[in-house]
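**Q** Sharing a structure here in structure tokens format.
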Amino acid sequence: MAKKRDRLEIIYTILSIIKERDNSIKKTPLLRYTNISSQSFGEYYNELVDKDLIREVSDRKGKVYVTLTDKGFNFLSKYSLIRNFIDEFEL
Amino acid sequence: MRFGPPLEFLALESGYFSIVFFICLMIFYKTREAYALTMHSGIRNFRNIFLYFSMAYLFRLFTLLTMHSRELFLFDAGLHLRGVNFFLMGYFSTLGLLSIALTLMSHNSKIKHIDFKINAIALFTSFISIITFSPEIIGLVQLITMLIASFILIKKSESKLLTNNRATYISLLLLWVINLYLFNGFVWIGYKIPLYAFSIIIFYSILKRVNKRLSDGKKKR
Chain U
0 MAKKRDRLEI IYTILSIIKE RDNSIKKTPL LRYTNISSQS FGEYYNELVD KDLIREVSDR
60 KGKVYVTLTD KGFNFLSKYS LIRNFIDEFE L
Chain B
0 MRFGPPLEFL ALESGYFSIV FFICLMIFYK TREAYALTMH SGIRNFRNIF LYFSMAYLFR
60 LFTLLTMHSR ELFLFDAGLH LRGVNFFLMG YFSTLGLLSI ALTLMSHNSK IKHIDFKINA
120 IALFTSFISI ITFSPEIIGL VQLITMLIAS FILIKKSESK LLTNNRATYI SLLLLWVINL
180 YLFNGFVWIG YKIPLYAFSI IIFYSILKRV NKRLSDGKKK R
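Line by line, the protein sequences give chains U and B.
Heads up, the first sequence is in numbering that gives the first Met the number 0, so the first residue is 0 and it goes up one at a time.
Heads up, the second sequence is in numbering that gives the first Met the number 0, so the first residue is 0 and it goes up one at a time.
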């Protein structure tokens, strides 16, 4: 059985999916790809917006897409360093 | 009984404080981005250890200087100033020790209102220290706090009990408590130097590891 993902891993997964979809994806497919409950997804989504890791943009037709902010890109680039740091110090 | 001239005491304590203070703040500074990006509670507790210890060592130095102000500077710093420094030393050192306890327990414990609780414990410990004006009492209270934390750790631990990291954290605790018991009077410099050197080595080894982990992978494009 796959190990349960921790909070940081889930955030990394969400941000990675957005990046892989050319930094533009709607909320519903994003939920589907992250493979977590809709309630949990809602909590993570709000947290990511509050912490300015992602933002919502609307196209001309009013459709809302999710994109990464600069901070979100920074998170992805630094993730493995931070993960190694957390593992190193058993935090 | 006094050992050695006051100048040696002043130089040693100031030098020791400066190095430890600088290292602690460097660790706190170097982990800021990791915390800002992730808001990880384990990183927060880790950073707090060194922030609080930097303050604890700062007020430890102030307390020592004010306690021995007559011998060192030929004037009495006054009971109130000594009391304030003593209080703050007790407060920040207890916060530092409790942050170590949280770091040791982080995988095993979700404590509600943790910030409020550790501040309450720290304030209580400092209040005790003001009433008794005794560093040994602070050390005893802090040691009891850590024994309780260790007991909880033993009860809840599912993995290997004593890892390298936990040994490092416990060393920080023990070094602080020993520091307190060397507090009074001008203890012979020969006893202090090896302890202070070992303490600096521990702090520096942590800084080196933090630096390595958070600076690695800066690949040139």
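Just so you know, even glycine gets a beta-carbon here, dropped at the ideal spot from N, CA and C.
Predicted model, so just to flag it, every value in this text is computed and none were measured.
Residues in its own chain within less than 6 Å of B:LEU173 by CB, not counting five upstream and five downstream?
**A** Start at 1 with the first residue of the second sequence, and residue 173 of chain B comes out as number 174. So the list is empty, once near-sequence residues are dropped.
**Q** Does DSSP classify B:ILE200 as helix, strand or coil?
**A** One-based indexing of the second sequence puts residue 200 of chain B at position 201. Here B:ILE200 sits in helix by DSSP.
**Q** Is the number of C-beta pairs between the stretch 82-100 of chain B and the stretch 49-61 of chain B that are closer than 8 Å three or more?
**A** Yes, since at least three Cβ pairs between the stretch 82-100 of chain B and the stretch 49-61 of chain B fall closer than 8 Å, the two stretches touch.
**Q** Assign B:ILE205 to one of two classes, buried (16 or more other C-beta atoms within 10 Å of its C-beta) or exposed (fewer than that).
**A** Looking up residue 205 of chain B in the second sequence gives position 206. So B:ILE205 counts as buried.
**Q** Using alpha carbons as the reference points, say which of B:THR144, B:ILE188, B:PHE115 lies closest to B:VAL176.
**A** For the purposes of this step, residue 176 of chain B is identified with residue 177 of the second sequence, where counting begins at 1. It is B:THR144 whose Cα lies nearest to the Cα of B:VAL176.
**Q** Indicate whether the contact test is met: 3 or more Cβ pairs, each with one atom in the stretch 61-80 of chain U and one in the stretch 13-32 of chain U, closer than 8 Å.
**A** Yes, since at least three Cβ pairs between the stretch 61-80 of chain U and the stretch 13-32 of chain U fall closer than 8 Å, the two stretches touch.
**Q** Within 10 angstroms of its Cβ, does B:ASN107 collect 16 or more other Cβ (buried), or is it exposed?
**A** Numbered from 1 along the second sequence, position 108 holds the residue referred to as residue 107 of chain B. For B:ASN107, the predicted model reports a pLDDT of 49, less than 50, meaning its position is unreliable and no value from the coordinates is stated.
**Q** DSSP state of U:ILE35, grouped into three classes?
**A** Here residue 35 of chain U refers to the residue found at position 36 of the first sequence. In this structure, U:ILE35 counts as coil in the three-state DSSP scheme.
**Q** Are B:ILE22 and B:TYR203 touching if we call contact CB-CB under 9 Å?
**A** Position 23 of the second sequence, counted from the start, is the residue given in the question as residue 22 of chain B. Position 204 of the second sequence, counted from the start, is the residue given in the question as residue 203 of chain B. For B:ILE22 and B:TYR203, yes; Cβs fall inside 9 Å.
**Q** Do the stretch 21-36 of chain U and the stretch 61-75 of chain B meet, that is, are 3 or more Cβ pairs less than 8 Å apart?
**A** Segments in contact, no.
**Q** Taking C-beta to C-beta, are B:LEU213 and U:PHE84 nearer than 9 Å?
**A** Taking the first residue of the second sequence as 1, we reach residue 213 of chain B at position 214. Taking the first residue of the first sequence as 1, we reach residue 84 of chain U at position 85. Yes; because the gap between Cβ atoms is below 9 Å, this pair is in contact.
**Q** Classify B:MET38 as buried or exposed, calling it buried when 16 or more other Cβ atoms lie within 10 Å of its own Cβ.
**A** For the purposes of this step, residue 38 of chain B is taken as residue 39 along the second sequence, with counting starting at 1. Result: exposed.
**Q** Shorter than 9 Å from the beta carbon of B:ASN164 to some beta carbon of chain C?
**A** No chain C is part of this structure, whose protein chains are labelled U and B.
**Q** Is there a C-beta anywhere in chain B that falls below 9 Å from the one on U:GLU42?
**A** The residue you call residue 42 of chain U lines up with position 43 of the first sequence. Answer no: the Cβ-Cβ gap between U:GLU42 and chain B never drops below 9 Å.
**Q** Could you have a look at U:THR66 and say whether DSSP puts it in helix, strand or coil?
**A** Numbered from its first residue, the first sequence carries residue 66 of chain U at position 67. The answer is strand: DSSP assigns U:THR66 an E or B state.
**Q** Nearest to B:LEU9 by alpha carbon, out of B:PHE58, B:ARG46, B:PHE72?
**A** In the second sequence, counting from the first residue as 1, residue 9 of chain B sits at position 10. Answer by Cα proximity: B:PHE72.
**Q** What do you reckon, are the CB atoms on B:GLU12 and B:LEU57 nearer than 9 Å?
**A** Counting from one through the second sequence, the residue named residue 12 of chain B turns up at place 13. Counting from one through the second sequence, the residue named residue 57 of chain B turns up at place 58. No, these two residues do not count as a Cβ contact at 9 Å.
**Q** Taking only the alpha-carbon atoms, compute the straight-line gap between U:ASN45 and B:GLY14 and give it to the nearest angstrom.
**A** As a position in the first sequence, residue 45 of chain U is number 46, starting the count at 1. As a position in the second sequence, residue 14 of chain B is number 15, starting the count at 1. Rounded to whole angstroms, the separation of the alpha carbons of B:GLY14 and U:ASN45 is 48 Å.
**Q** Which of the three DSSP states, helix, strand or coil, is assigned to U:ILE53?
**A** To locate residue 53 of chain U, count along the first sequence from 1; it is residue 54. In this structure, U:ILE53 counts as strand in the three-state DSSP scheme.
**Q** Does DSSP put B:MET145 in a helix, in a strand, or in coil?
**A** Here residue 145 of chain B corresponds to residue number 146 of the second sequence, with the count starting at 1. In the structure shown, B:MET145 sits in a helix (DSSP, three-state: H, G or I).
**Q** Do the CB positions of U:ASN22 and B:LEU36 come within less than 9 Å of each other?
**A** In the first sequence, counting from the first residue as 1, residue 22 of chain U sits at position 23. In the second sequence, counting from the first residue as 1, residue 36 of chain B sits at position 37. No.
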